[in-house]
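Everything on this sheet refers to the single structure shown next.
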Amino acid sequence: MQTGSPARTAPKLYEILSKRSPCRGGEAAGIIEMTIHAPRVAAKCHAGQFFMLRVDERGERVPFTFSDWSRDEGWIRFIFMVVGKTTSALAALEVGECVHDLAGPLGKATDVPGTGSVVVVGGGVGTAVAYPVARSLCEAGREVRVIVGARTADLLILIDELDALPLAELRVMTDDGTAGEQGLVTVPLAEMCTGGNAEQAFIVGPAIMMKFAALTAVDAGVPATVSLNPLMVDGTGMCGACRVSVDGVTRFACVDGPDFCAEGVDWDELMSRQRFYLEEERASREHWERAERAGRERLHDRCDCFEQGGESRA
Ligand SMILES: Cc1cc2nc3c(=O)[nH]c(=O)nc-3n(C[C@H](O)[C@H](O)[C@H](O)COP(=O)(O)OP(=O)(O)OC[C@H]3O[C@@H](n4cnc5c(N)ncnc54)[C@H](O)[C@@H]3O)c2cc1C
Ligand code: FES
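Residue numbers (our numbering): 17 to 330.
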């Protein structure tokens, strides 16, 4: 008879291996870090790419960016903010449960060409994208500075992980001054760009922050790359939902991006398209929350959105 501890059973495909609040604000902040067993996706993903996930067989596909991965152990990690129905349903899953499916890696990996210094700017949950990009630039031997911004200290993520990278500088900015320096990311960005400490910029975060950070860099003569986050439906270039205008040309963020040269981006169009389904998204979340309170078992037993034809945003 064999003795010792029993062998751990292999994780199931798309099983949630860990789940935690990655910021000081804890669960109340509505930001969650999840690690999922997805060995074939982990084997191929690179910084800046994303994947589409469905919580259950009738759920919509939502895009998330890889914040970390292990090719050896076969997992991917991402950080998401609970904003609507699907992210609420995802947040309700626990370790040991599985998401229905996950497709990726999608989009082009981040490429900041050249050999010079780079400043990486992450705003809010966008820091989850900034971290692997900064790490890969450090691995490539670039001189890397990082600026992270959040509304308040409770919402800051990945500061310890960024601190562990061989960065030339890490600046933390909060709107209310509860951590780091008080102010917007554009303040240290302007200093770095005009002071000759950044030859290129990579910027990711809310569209309004990307717009003004990109203007700051470009005004100082520093070319900027931005990672765009329009609404997406299929993530494979077929539906047109993620179209953005860059240099007056229509591009699909899911296959041509998500990274684009900032100078040509039509920011007003991006922000207006992001708001296009606000009313439907609000109604969908309210349906889900009402049904959740009613305590029914499965997501789509809990939610009458499907019967109401409320799933599509294309
Ligand atoms: C390439 C890409 C990568 C992304 N990576 C991440 C990530 O790593 N972490 C993360 O928290 N979020 C990420 N997002 C945004 C994320 O996909 C949305 O928050 C999610 O789809 C919301 O779904 P929902 O059903 O919960 O909310 P919904 O009810 O559909 O929407 C609620 C609100 O969320 C916002 N929203 C919805 N869809 C998007 C979207 N595609 N992009 C931006 N805002 C959106 C809108 O303001 C909307 O009003 C990414 C988006 C893209 C396009
Ligand atoms: S999400 Fe890009 S074309 Fe459909």
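The beta carbon of each residue, even a glycine, is placed where N, CA and C say it ideally should be. Bear in mind that the values here come from a model prediction, so they are computed numbers and not experimental data.
Review point. Assuming V111 contacts Y30 under a Cβ cut-off of 8 Å, what Cβ separation, rounded to an integer in Å, is found between them?
Key: Position 95 of the sequence shown, counting from 1, holds the residue named residue 111. Position 14 of the sequence shown, counting from 1, holds the residue named residue 30. That belief does not hold up - the Cβ atoms of V111 and Y30 are roughly 13 Å apart, past 8 Å.
**Study point:** Distance cut-off 7 Å: M248 Cβ against heavy atoms of ligand 1
**Key:** Position 232 of the sequence shown, counting from 1, holds the residue named residue 248. Within the cutoff, so yes.
Exercise for review: Could you tell me if the beta carbon of N213 falls within a distance shorter than 7 Å of some heavy atom in ligand 1?
Suggested key: In the sequence shown, residue 213 corresponds to position 197, counting from 1. No, the Cβ of N213 stays beyond 7 Å of every heavy atom of ligand 1.
Practice item. For A180, count neighbouring C-beta atoms within 10 Å of its own C-beta (all shown protein chains included) and say buried if the count is 16 or more, exposed if not. Key: Here residue 180 refers to the residue found at position 164 of the sequence shown. The residue is exposed, with fewer than 16 neighbouring Cβ atoms inside 10 Å.
Review point. Starting from C258 and walking both ways along the alpha helix (DSSP H), at which residues does that stretch end?
Key: Translated into positions along the sequence shown, residue 258 becomes position 242. Element bounds for C258: n/a, residue is neither H nor E.
Exercise for review: Can you say whether D88 is buried or exposed, counting buried as having 16 or more other CB atoms within 10 angstroms of its CB?
Suggested key: Numbered from its first residue, the sequence shown carries residue 88 at position 72. Exposed, by the Cβ-count rule.
Review point. How many whole angstroms separate the CB atoms of I52 and I92, which I take to be in contact at a CB cut-off of 8 Å?
Key: Stepping through the sequence shown from its first residue, residue 52 is reached at position 36. Stepping through the sequence shown from its first residue, residue 92 is reached at position 76. Indeed they touch by this definition, with Cβ atoms about 6 Å apart.
Check your understanding: Taking the DSSP output, what are the residues bridged to V162?
Key -> Position 146 of the sequence shown, counted from the start, is the residue given in the question as residue 162. Per DSSP, V136, L186.
Point to revise | Three-state class that DSSP yields for S34 in the structure shown | key: In the sequence shown, the residue the question calls residue 34 occupies position 18. In the structure shown, S34 sits in a strand (DSSP, three-state: E or B).
Practice item. Please confirm whether V164 and L172 have their CB atoms less than 8 Å apart. Key: Reading the sequence shown from its first residue, position 148 is the one you call residue 164. Reading the sequence shown from its first residue, position 156 is the one you call residue 172. Yes, the pair counts as a contact, with Cβ atoms nearer than the cut-off.
Check your understanding: Three-state secondary structure (DSSP) at K28?
Key -> Taking the first residue of the sequence shown as position 1, residue 28 is located at position 12. In this structure, K28 counts as coil in the three-state DSSP scheme.
Exercise for review: Count the other CB atoms, across all protein chains shown, that sit within 10 Å of the CB of I224; report buried if there are 16 or more and exposed otherwise.
Suggested key: If you number the sequence shown from 1, residue 224 lands on position 208. With fewer than 16 other Cβ atoms within 10 Å, it is exposed.
Review point. Excluding sequence positions up to five away, which residues of its chain have a Cβ less than 6 Å from the Cβ of C209?
Key: Numbered from its first residue, the sequence shown carries residue 209 at position 193. Taken in chain order, the residues that qualify are A233, A236, V238.
Practice item. With a threshold of 16 other CB atoms inside 10 Å of the CB of D127, please say whether the residue is buried or exposed. Key: Here residue 127 refers to the residue found at position 111 of the sequence shown. So D127 counts as exposed.
Check your understanding: With DSSP run on the structure shown, which of helix, strand or coil describes C114?
Key -> Residue 114 sits at position 98 when you count from the first residue of the sequence shown. Reduced to three states, the DSSP call for C114 is strand.
Review point. For A59, does the three-state DSSP call read helix, strand or coil?
Key: What you label residue 59 is simply residue 43 of the sequence shown in a count that begins at 1. Reduced to three states, the DSSP call for A59 is coil.
**Study point:** Spatial neighbours of P148 in its chain, beta-carbon cut-off 7 Å, leaving aside the 5 residues before and after
**Key:** In the sequence shown, counting from the first residue as 1, residue 148 sits at position 132. So the qualifying residues of the chain are A63, F82, S83, D84.
**Study point:** Nearest neighbour of E302, chosen from T102, F276, R74 [CA to CA]
**Key:** Here residue 302 is taken as the residue at index 286 of the sequence shown, counted from 1. Answer by Cα proximity: T102.
Practice item. Using alpha carbons as the reference points, say which of E197, T190, R267 lies closest to G256. Key: Numbered from its first residue, the sequence shown carries residue 256 at position 240. Looking at the Cα atoms, R267 is the closest of the given residues.
**Study point:** Heavy atom of ligand 1 within 7 Å of F268 beta-carbon
**Key:** Within the sequence shown, numbered from 1, the residue matching residue 268 stands at position 252. No, since every heavy atom of ligand 1 falls outside the 7 Å radius drawn around the Cβ of F268.
Exercise for review: Whole angstroms is fine: what's the gap from V135's alpha carbon to A307's?
Suggested key: Here residue 135 corresponds to residue number 119 of the sequence shown, with the count starting at 1. Here residue 307 corresponds to residue number 291 of the sequence shown, with the count starting at 1. Distance between the alpha carbons of V135 and A307 is about 45 Å.
Practice item. With distances taken Cα to Cα, identify the nearest neighbour of F218 among R291, G142, L200, I175. Key: The sequence position of residue 218 within the sequence shown is 202, counting from 1. Checking every option, the nearest Cα to that of F218 belongs to G142.
Point to revise | Whole-number beta carbon distance between F228 and T202, since they are thought to touch under 8 Å | key: On the sequence shown, residue 202 is found 186 positions in, with the first residue counted as 1. On the sequence shown, residue 228 is found 212 positions in, with the first residue counted as 1. With 8 Å as the limit, T202 and F228 qualify as a contact, their Cβ atoms being about 6 Å apart.
Review point. Just the Cα atoms here: how many angstroms apart are M17 and T25?
Key: What you label residue 17 is simply residue 1 of the sequence shown in a count that begins at 1. What you label residue 25 is simply residue 9 of the sequence shown in a count that begins at 1. At M17, the pLDDT of 38 sits below 50, so the modelled position is not reliable; the number obtained from the coordinates is stated separately. One C-alpha to the other measures close to 19 Å.
Review point. Given A146, which residues of its chain have a CB within under 6 Å of its CB, disregarding the five upstream and five downstream residues?
Key: Position 130 of the sequence shown holds residue 146. Excluding sequence neighbours, A146 sits near V136, G138, V220.
Exercise for review: Starting from the C-beta of S37, find all residues in its chain whose C-beta is less than 7 Å away, skip the five residues before and the five after it, and write them out in chain order.
Suggested key: The count along the sequence shown starts at 1 and reaches residue 37 at position 21. Same-chain partners within the cutoff: E43, A45, I47, I48.
Point to revise | Spatial neighbours of Q198 in its chain, beta-carbon cut-off 8 Å, leaving aside the 5 residues before and after | key: Indexing the sequence shown from 1 puts residue 198 at position 182. Within the same chain, Q198 has close Cβ partners M189, T190, D191, D192.
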